């Protein structure tokens, strides 16, 4: 459901659109898949292992249909896809025993001439299931009983100025609407978190210049500006960021590709409305926090060692939004790997590993937090999210495959003051299923 698409790392943690161009040769006009799975989930409600309540596990049944449409024209390409996931946990026996997710992904590309093209895309996601990658946008990867909505829209222009110089210009808008991190009451039920704790709108502009030094090496210079506006009275969390980076894309061989970026991010927290009676003069009440500078870097590489087999890895260091009311942002470190391998034409394995470390320094002291009624003071701390997924697939027929998979998630939240905002959990899911494709 979450695929890489952007030509450069967006430090706001943007998720991708449709991975391949609608104009790829051999693309069918209509595609359809459906996966049926029977499995076991050790922690479907992502209950904290710090809780006094027993963690409930359950078998589950899931259905995952997906429909896609691709149009390839002389100047325009259109790609649309709808994904649905429904899961039933018979052992939970409450309102959260049925959870589902929906995603709509669309992209339209128009080539004005061989040198200029415009792409409009949108990625809409509604889910009650945790999406670990969203931790980079300030949403903890735990069950959301009322669901969350995340929408990313982009408009991008690609220009070939000369035979060696090209440009990429992009505007992005992200809307995150969530109940926030959930908690558990004394009876083991779920209490939804505060909506104002995590909701925000993000708008940004991205400009990149690309210079072809050689046919194999492209140098880049990028400027990425993002502004975050939080819901309700979370004004002290509103901030703007700008990143300046240089980098290169290099093809070492027809099967090996490398991309790297490095630079600096400047983060400006707007602070509260100027009112010295709220916070002492020169502090939060002065209306603006000091602009902070963070290092920024991203590295990635891909090796296509066989026709359908590849391995890839990536690392990034960037500012992330916070899912806590008393902290506006964090320094994030993300590492991920993917490996798709075909043992034979019919037997394959897909593996992915993702780890994100977010380190927090409080923007408010305990006294300031109490004065603003901004929630419980947490102190400094860190959050760590780790996921591993592995799926074996065997093609029974050209349109039908059998699947065996395992998914592991670990979420750790540790803070200096009484381990505040713990919520740490582990989760294992195993399943056996069938996938039909058209």
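Residue numbers (our numbering): 392 to 829. For glycine and all other residues, C-beta sits at the position ideal for the given N, C-alpha and C. No experiment lies behind these values; they were computed from the predicted model shown.
Specify the secondary structure class of residue 801 as computed by DSSP and reduced to three states. Along the chain shown, read from residue 1 onward, the residue named residue 801 stands at position 410. Residue 801 falls in the strand class under three-state DSSP.
Could you name the residues of the same chain whose beta carbon sits closer than 6 Å to that of residue 592, not counting the 5 residues immediately before and after it, in chain order? Here residue 592 corresponds to residue number 201 of the chain shown, with the count starting at 1. Exclusion of the five residues before and after residue 592 leaves 566, 620 as the residues of its chain whose Cβ lies within less than 6 Å of its Cβ.
Can you name the residues that DSSP bridges to residue 782? By one-based count along the chain shown, residue 782 stands at place 391. 741, 796, per the DSSP bridge assignment.
DSSP three-state label for residue 855, please. Here the chain covers residues 392 to 829 and nothing more, so residue 855 does not appear.
In this structure, how does DSSP classify residue 528 when only helix, strand and coil are distinguished? Position 137 of the chain shown, counted from the start, is the residue given in the question as residue 528. DSSP places residue 528 in the helix class (H, G or I) of the three-state scheme.
Give me the DSSP bridge partner(s) of residue 659. The sequence position of residue 659 within the chain shown is 268, counting from 1. In the DSSP output, where bridge partners are listed per residue, residue 659 has 631.
Which residue marks the beginning of the beta strand (DSSP E) containing residue 540, and which one marks its end? Taking the chain shown and counting its residues from 1, one reaches residue 540 at position 149. Here the beta strand (DSSP E) through residue 540 covers 539-551.
So, is residue 791 buried or exposed, given that buried needs 16 or more other C-beta atoms within 10 angstroms? For this step, residue 791 is matched to residue 400 along the chain shown. Label assigned to residue 791: exposed.
So what does DSSP say about residue 535, is it helix, strand or coil? The residue given as residue 535 occupies position 144 in the chain shown. Looking at residue 535 - three-state DSSP - the assignment turns out to be coil, as it is neither helix nor strand.
Is the distance from the Cβ of residue 421 to the Cβ of residue 469 below 9 Å? For the purposes of this step, residue 421 is taken as the residue at position 30 of the chain shown. For the purposes of this step, residue 469 is taken as the residue at position 78 of the chain shown. Contact: no.
If I measure Cβ to Cβ from residue 529 and keep anything under 8 Å in the same chain, skipping five residues before and after, which residues do I get? Sequence index remark: in the chain shown, residue 529 carries index 138 (1-based). So the qualifying residues of the chain are 567, 589, 591, 711, 712, 713, 714.
So for residue 695, helix, strand or coil by DSSP? Start at 1 with the first residue of the chain shown, and residue 695 comes out as number 304. Residue 695 falls in the coil class under three-state DSSP.
DSSP three-state call for residue 456: helix, strand or coil? Reading the chain shown from its first residue, position 65 is the one you call residue 456. Assignment of residue 456 by DSSP, reduced to helix, strand and coil, places it in the strand class.
For residue 432, the three-state DSSP class (helix, strand or coil): As a working note, residue 432 is residue 41 in the chain shown. Collapsing the DSSP output to three states places residue 432 in a strand.
Through-space distance from residue 526 to residue 509, alpha-carbon basis: Against the chain shown, residue 509 aligns to sequence position 118. Against the chain shown, residue 526 aligns to sequence position 135. So the two alpha carbons sit approximately 30 Å from each other.
Drop a sphere of 10 angstroms on the beta-carbon of residue 464, count the other beta-carbons inside from all chains shown, and report buried for 16 or more, exposed for fewer. Taking the first residue of the chain shown as position 1, residue 464 is located at position 73. So residue 464 counts as exposed.
Would you mind reading off the limits of the beta strand (DSSP E) that contains residue 618? Residue 618 sits at position 227 when you count from the first residue of the chain shown. Residue 618 -> beta strand (DSSP E) spans 608-621.
Between the C-alpha atoms of residue 723 and residue 651, what's the straight-line distance to the nearest angstrom? The residue given as residue 723 occupies position 332 in the chain shown. The residue given as residue 651 occupies position 260 in the chain shown. Distance between the alpha carbons of residue 723 and residue 651: 17 Å.
Using a Cβ-Cβ cutoff of less than 7 Å, which residues in the same chain neighbour residue 639 once the five nearest sequence positions on both sides are dropped? In the chain shown, residue 639 corresponds to position 248, counting from 1. The residues are 608, 609, 610, 611, 651.
From 654, 682, 694, pick the residue whose C-alpha is nearest to that of residue 688; which is it? Within the chain shown, the letter at position 297 stands for residue 688. Residue 688 has its Cα closest to that of 654, out of 654, 682, 694.
In terms of residues, what are the limits of the beta strand (DSSP E) holding residue 569? Walking along the chain shown from the start, residue 569 turns up at place 178. Where residue 569 is concerned, the enclosing beta strand (DSSP E) stretches over 556-569.
Within the continuous beta strand (DSSP E) that includes residue 770, where are the two ends? Along the chain shown, read from residue 1 onward, the residue named residue 770 stands at position 379. Looking at the DSSP string, residue 770 is not in any beta strand (DSSP E), and its letter there is neither H nor E.
Along the beta strand (DSSP E) that carries residue 487, what are the first and last residues, could you check? The residue given as residue 487 occupies position 96 in the chain shown. For residue 487, no beta strand (DSSP E) segment is defined, and its DSSP state is neither H nor E.
Cβ separation of residue 756 and residue 808, assumed to be a contact under 8 Å, to the nearest whole Å: For the purposes of this step, residue 756 is taken as residue 365 along the chain shown, with counting starting at 1. For the purposes of this step, residue 808 is taken as residue 417 along the chain shown, with counting starting at 1. Their Cβ separation, rounded to whole angstroms, is 11 Å, which puts residue 756 and residue 808 out of contact at 8 Å.
Given 8 Å as the limit, is there contact between the stretch 472-488 and the stretch 444-463, that is, 3 or more CB pairs closer than that? yes
For residue 707 and residue 656, I'd like the C-alpha separation in whole angstroms. What you label residue 707 is simply residue 316 of the chain shown in a count that begins at 1. What you label residue 656 is simply residue 265 of the chain shown in a count that begins at 1. Per the coordinates, the alpha-carbon of residue 707 lies some 13 Å from the alpha-carbon of residue 656.
Reference residue 488, options 461, 523, 432, 774, closest by Cα: Counted from its first residue, the chain shown places residue 488 at position 97. Among 461, 523, 432, 774, the Cα nearest to that of residue 488 belongs to 432.
Could you work out which residue in 456, 436, 439, 452 is closest to residue 424 when comparing CA atoms only? On the chain shown, residue 424 is found 33 positions in, with the first residue counted as 1. The residue with the shortest Cα to Cα distance from residue 424 is 456.
Beta bridge counterpart(s) of residue 600 as assigned by DSSP: As a working mapping, residue 600 is identified with position 209 in the chain shown. BP columns for residue 600 point to 558, 612.
Comparing the CB of residue 545 with every heavy atom of the ligand ZN, is any distance shorter than 8 Å? This structure lacks the ligand ZN; in fact it carries no ligand of any kind.
Could you give the distance in angstroms between the alpha-carbon of residue 737 and the alpha-carbon of residue 787? For the purposes of this step, residue 737 is taken as residue 346 along the chain shown, with counting starting at 1. For the purposes of this step, residue 787 is taken as residue 396 along the chain shown, with counting starting at 1. Cα to Cα, residue 737 sits roughly 8 Å from residue 787.
Assuming residue 816 and residue 537 are in contact, meaning their beta carbons sit under 8 Å apart, how far apart are those beta carbons, in whole angstroms? The residue you call residue 816 lines up with position 425 of the chain shown. The residue you call residue 537 lines up with position 146 of the chain shown. About 19 Å; that fails the 8 Å criterion.
When DSSP builds the beta bridges, which residues end up paired with residue 468? On the chain shown, position 77 is the one that residue 468 refers to. Answer is 463, 500.
Proximity to residue 517 [Cα-Cα], best of 806, 569, 629: For the purposes of this step, residue 517 is taken as residue 126 along the chain shown, with counting starting at 1. Among 806, 569, 629, the Cα nearest to that of residue 517 is on 569.
Enumerate in chain order the residues of its own chain whose CB-to-CB distance from residue 778 is below 6 Å, with the five nearest sequence positions on each side excluded. If you number the chain shown from 1, residue 778 lands on position 387. Cβ within range, chain order: 523, 745, 800.
Compare the Cα-Cα distances from residue 733 to each of 700, 758, 504, 725 and report the closest residue. Residue 733 sits at position 342 when you count from the first residue of the chain shown. Per the Cα distances, 700.
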